[in-house]
Amino acid sequence: MSDELYKQRLRFETPDPGIGPREQSPMLPQELAWARERASTHRFSWVMGLAAPVSVGLMLPSLAFVIGLGLVEKWFVPGLDVDRIIDGSWGWQILATVLFIGGWALSNYRRDSRDPTKRYWQSMPDRGLVELERHTLISGISLWASDNPEHDSLMLWQNDKLVRVQSSGVSQWILAMTTAGHWLVLMEEFPGVFRHGQISRIPAPEQRMKPQQQLAIAFAPGTHVTLGERFDGAPVPLTESSYWMSADESSRLAEASHRWGFSPSDRYAVINDRDADWVQRLVDKSLADKARGSTGRQLERPAVTAERPPT
C-alpha cells in the first residue's frame, strides 16, 4: 500500500466530528466481525513498538559514547586513553543501552495508548452499534475489472465467520441510480487464483452481486469506515454487461466513488455531480460494447438513465 493510500485510509478510520447525524442500529454478526477485524489493526504491538528502539538503540548509546570521547580527546584532553576508558565502561554502556531502549519503547506505548483513533477502535466493537446511511436504488448496470490485486488475499463472510481466501483480481462494479438522482457504486471482489497473462472470466451468475432496491450502508459510528451493506426489498433491475474496465477506468471509478478518500461534502459510494458525466460516458461505453457483441437486435438504453429523476 502506498504512503498516500495509507494516509487516506487512516483518515477514514479516524473519528470525524463533522459527520452529520445518521441512524443508529445494533450490529449484525458480520458487521461485528468486521469491526473486530478493523480494531485488531489498531492494537498496540510490542513487535512494532520495539522495532525502532531495538534496531537503533543497540548501537546508538555506545556510538554516541565513543564519538563523545573522541571529541573530548581532540578538543579538551589531548592524549586521553580512549581505549582504556571504553574497555572499563562496558557495564555502563550496557545499562545505558537498556535504559535507552526501554525508555523509547515505553514512550511508544504511552503514545499509542493515548492515541484517540486507537482508543476508539479498542472500545467500538463492544458497543455493538453501527450508523446507517440509506439509499433507494432504481436500476443499475454491472461492469467488470481485472487488476493485479493489491493484496493476494481478501476476507469473505463464510459459515458465520470471516475467512481469508486468495484473490482472483476480478471485481464486479455495479453503477446504480438512486431516487435522489445520483450514481452510487457497489463493488465486490471474487476469490480465485490470479495469474499474470491469464484471460479473466466473469464469475457464474449465482456468484455475482444481486442488489436489492433498499440499501443501508453500515458505518463504524462517527467514521467513514464501512462495516457492511444491508439490502432489502425487490431486486434492482440490472443490466448485465461484459465490459471490462481498464486499470485507469477502475482506478478513477474507485476515486470518484470515494472508497478511500474524500472531502467533508462527499459521501461514500455516491458519485459527485462533477464526476457524473464521466460515469455516464462509462455507462454508454459499456452499453455500446454490449450492443456490438449482441447477435440480435440492438439493446434499448437501460433504465439507469431513463429513470433518472429530475434534479
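Numbered according to the numbering used here, the sequence shown spans residues 957 to 1267.
Don't be surprised by glycine CBs; every beta carbon is placed ideally from N, CA and C.
Residue i: buried (16+ other C-beta within 10 angstroms of its C-beta) or exposed?
i	result
GLN1169	buried
THR1179	buried
ALA1020	exposed
GLU1145	buried
SER1197	buried
MET1015	exposed
GLU1087	buried
PHE1175	buried
GLY1184	buried
ILE1057	buried
Indicate whether residue i and residue j have their beta-carbon atoms separated by less than 8 Å.
i	j	result
ALA1132	GLY1096	yes
ARG978	GLU1089	yes
GLY1005	ALA1061	yes
ALA1225	LEU1140	yes
ARG1164	GLN1114	no
GLY1084	MET983	yes
ALA1008	PRO1081	no
ASP1108	SER1123	yes
THR1073	GLY1013	no
ASP1204	HIS1214	no
LEU1118	GLU993	yes
Under the three-state reduction of DSSP, which class applies to residue i: helix, strand or coil?
i	result
LYS1246	helix
ILE1041	helix
TYR1302	Any question about residue 1302 goes unanswered here, given that the chain covers just 957 to 1267.
LYS1074	helix
THR997	coil
ALA1174	strand
MET1165	coil
TRP1200	strand
LEU1194	strand
GLY1284	Summary: the structure shown does not reach residue 1284, with the chain confined to residues 957 through 1267, and so no result is reported for it.
Please report the residue range of the beta strand (DSSP E) in which residue i lies.
i	result
ASP1188	1182-1191
VAL1141	1139-1147
GLU979	979-982
LEU1131	1117-1134
TRP1113	1109-1114
Quick one: give me the first and last residue of the alpha helix (DSSP H) that residue i is part of.
i	result
VAL1086	No alpha helix (DSSP H) holds VAL1086; the beta strand (DSSP E) holding it covers 1085-1102.
VAL1028	1016-1031
ALA1007	1002-1013
Give every residue of the same chain whose Cβ lies closer than 8 Å to the Cβ of residue i, excluding the five residues on either side of it in the sequence, and list them in chain order.
i	result
TRP1234	ARG1208, ALA1212
SER1206	ALA1101, ASP1103, SER1127, TRP1129
GLU960	Low confidence applies to GLU960: its pLDDT is 49, below 50, so where it sits in the model is not reliable enough to give any reading.
Suppose the cutoff is 6 Å on Cβ atoms and the five residues either side in sequence are ignored; what does the same chain contact list for residue i look like?
i	result
LEU1036	GLU1029
PRO1159	PHE1146
GLY1249	none
Could you pull out every residue in the same chain whose Cβ sits closer than 7 Å to the Cβ of residue i, ignoring the five residues on either side in sequence?
i	result
THR1134	HIS1091, THR1092, LEU1093, ILE1094, LEU1140
ILE1041	LEU1025
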